[in-house]
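Here the sequence shown is numbered in this note's numbering, starting from 1 and rising by one per residue.
Report on the structure given below.
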Amino acid sequence: MAEPVYPEKDRAAEAARLLSGPEWYRHAIFYQVYVRSLQDSNGDGIGDLPGLISRLDYLQALGVDALWLMPVMPSPFADSGYDVSDYRDINPDYGTMADFDALLAAAHARGMRVILDLVLNHTSVAHPWFQQSRQSLKNPKADWYVWSDAPGRPDIPCGPVPTFGTSAWTWDPVRGQYYFHRFYPAQPDLNYWNPDVVAATLDVARFWLDRGVDGFRCDAIGALYESAAGCDLIPETVAYIKSLRQLLNAYPGRAMVGEPIGFGSEAPFFGSGQDMFQMAFDFNYGFLWGGYLNGASAQPIADHFAAVLQANPPGAQNALYIDSHDIRRAFQAALGVESHLRRAALIQMTMPGTPFVYYGDELALRPGSEVVVDTRDFARTPMLWKEAPPALGRLDFGWGFTTGRPWIAFGAEPDSTNLEAEELDPGSTYAFYRSLLSLRRGREAFGAGSLRILPTDDDSILLYLRESSDESYVVVVGMDEKAWHTGLAAGANLPGDAERLLGDAQLARTGTAAVVHVPPAGMGVFRVR
Ligand SMILES: [Ca+2]
Ligand SMILES: [Ca+2]
1 MAEPVYPEKD RAAEAARLLS GPEWYRHAIF YQVYVRSLQD SNGDGIGDLP
51 GLISRLDYLQ ALGVDALWLM PVMPSPFADS GYDVSDYRDI NPDYGTMADF
101 DALLAAAHAR GMRVILDLVL NHTSVAHPWF QQSRQSLKNP KADWYVWSDA
151 PGRPDIPCGP VPTFGTSAWT WDPVRGQYYF HRFYPAQPDL NYWNPDVVAA
201 TLDVARFWLD RGVDGFRCDA IGALYESAAG CDLIPETVAY IKSLRQLLNA
251 YPGRAMVGEP IGFGSEAPFF GSGQDMFQMA FDFNYGFLWG GYLNGASAQP
301 IADHFAAVLQ ANPPGAQNAL YIDSHDIRRA FQAALGVESH LRRAALIQMT
351 MPGTPFVYYG DELALRPGSE VVVDTRDFAR TPMLWKEAPP ALGRLDFGWG
401 FTTGRPWIAF GAEPDSTNLE AEELDPGSTY AFYRSLLSLR RGREAFGAGS
451 LRILPTDDDS ILLYLRESSD ESYVVVVGMD EKAWHTGLAA GANLPGDAER
501 LLGDAQLART GTAAVVHVPP AGMGVFRVR
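Below you can see the structure in the form of structure tokens.
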């Protein structure tokens, strides 16, 4: 091993400094948890909060700073918990409020934060608010939902979000009217034009902040209000988000991330950078990286991130993911090529933004094939913690997730994608994630540094520089999986010599130019100052 070119900082101290400051969310690595599929503690086949608590040490060792819990509130489960029937309790499948408090305490004791999925656009049909609203045209909550005599209203020009059906209106025989829903019929939209709804939902946020949560991931938040002018992030919804942010600001050190609807710029979700969301999901990269990395050209990725940086106000940044509960597993988007997935993760960790690792990304978890709620379940299969003893039938084994029968069948190839197997293999995706998360930790340049794209004369090489006040890093990602490439970046003007911290590419300076040699599917991260 060569002598380090640059004196190493105390990365743990740097991480502690960055993660305790007001912009901690820019430096944190988030981990998206589907509680149902992470760890079962009582053998009923359903992951739960005590199970999650038992895996916090694992997550901390992996390098995770914050957890996003997908919905943990009571729900009839028509949409995997995104149909809430009680905003102030815990789904009994997952545990109790005492279990939740214990999770918060255990996470905080490890310096990890916990944000909750806040699903405010709609409730479950089973929510008492809806049950009351549907009773008559005149009751205290008659106007809490969006009702109509016809399956449509001139002031509501939108249909359902694609994949949730063909009509946004469902007949309710109790009330004798139709109700509006952007998502499944079991998810009626709340009527935000009613100030009581605004007050009640802000109160829900207050309830959880008082309980000690560190913020929210706001589901479908652009869809709160509808008007003749449109249904997505109209001015009234913007005003609501600003109220929510004001509420959040009363609690120090909290942050929230918004889920846009569809593609386009995330910038409208940030406002000034101080008055709406701190983070919003980057749908473009999350959905399209598979195509980017399959192409030979690095240009679209470079263009995307350069445009993002241009559009976003100071302090706010995109939340970067390579898969989630809503889309296919990263392994599928990578067309089954793990090196492809790893390069996508490298970009996710080193381009401007906050990385959100979906549980199982670190194992390159394969998709499942069983459907319980809908086909998105293919990306929601349980974690694989242990190898199957040879004597046991693979299908009957719980893989360390459960001692019982799992709520849904495990994903494909469990023999090679369980944690025990990957821990033993220095070439595994898990080993790669360990080094990748460790690389990002305590390095301000990746969380909040500037970005300079370094164009080379070979378009199958993505090359960029991230800089903080006292450190500079070069990242190189090869687009080609089959051949070596050499690229010359004229005028790169790198500030110093290259010390490779990760990967297999080579980087050298020749005058003001930089030269990179990239193996097939190669990559590299270099410190240059
Ligand atoms: Ca359980
Ligand atoms: Ca709505």
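Where is the CB? At the ideal position from N, CA and C, for every residue including glycine.
Assigned with DSSP and collapsed to three states, ARG366 falls in coil, not helix or strand. In terms of CA proximity to PRO313, MET279 leads the group ALA12, MET279, PHE100 and GLU422. Between ALA334 and HIS340 the beta-carbon gap is near 4 Å, inside 8 Å, which marks them as a contact. With distances taken between CA atoms, MET351 lies nearest to TYR285 out of GLY442, TYR285, ALA228 and PRO520. For GLY51, the uninterrupted alpha helix (DSSP H) run begins and ends at 49 to 54, by DSSP. In the structure shown, ASP117 falls within a strand segment according to DSSP collapsed to helix, strand and coil. Here ALA514 really is in contact with LEU454; their C-beta atoms are around 7 Å apart, less than 8 Å. As computed with DSSP, GLN506 is found in a beta bridge with HIS517. As the crow flies, the alpha-carbon of GLY398 is around 12 Å from that of ASN42.
In this structure, the straight-line span from the alpha carbon of ARG11 to that of ALA448 is close to 16 Å. Its Cα nearest to that of LEU52, the residue LEU69 stands out among ASP65, LEU69 and PRO495. Leaving aside the five residues that flank ILE90 on each side, the residues in its chain whose CB is nearer than 8 Å to its CB run, in chain order, LEU49, VAL72, MET73, PRO74, THR96, MET97, ASP99 and PHE100.
From the listed residues LEU363, ALA412, VAL238 and ALA142, the smallest Cα separation to ASP425 is found for LEU363.
When the Cα atoms are used, ASP458 and PHE283 turn out to be separated by approximately 27 Å. Taking 8 Å as the cut-off, the beta carbon of LEU247 is found closer than this to the beta carbon of LEU202.
Rounded to whole angstroms, GLY21 and HIS27 show a C-alpha spacing of 10 Å. Taking 8 Å as the cut-off, the Cβ atoms of GLU226 and ILE327 do not count as close. Within the same chain, VAL373 come within 6 Å of SER80 by CB-CB distance, once the 5 residues on both sides are set aside. Of the other Cβ atoms in all chains shown, 16 or more fall within 10 Å of the Cβ of VAL213; this residue is therefore buried. In the three-state reduction of the DSSP assignment, ILE347 falls in the helix class.
Looking at the DSSP output, HIS122 bridges to ASP189. Comparing alpha carbon positions, the residue from GLN317, LEU419, PRO154 and PRO185 closest to PHE130 is PRO185.
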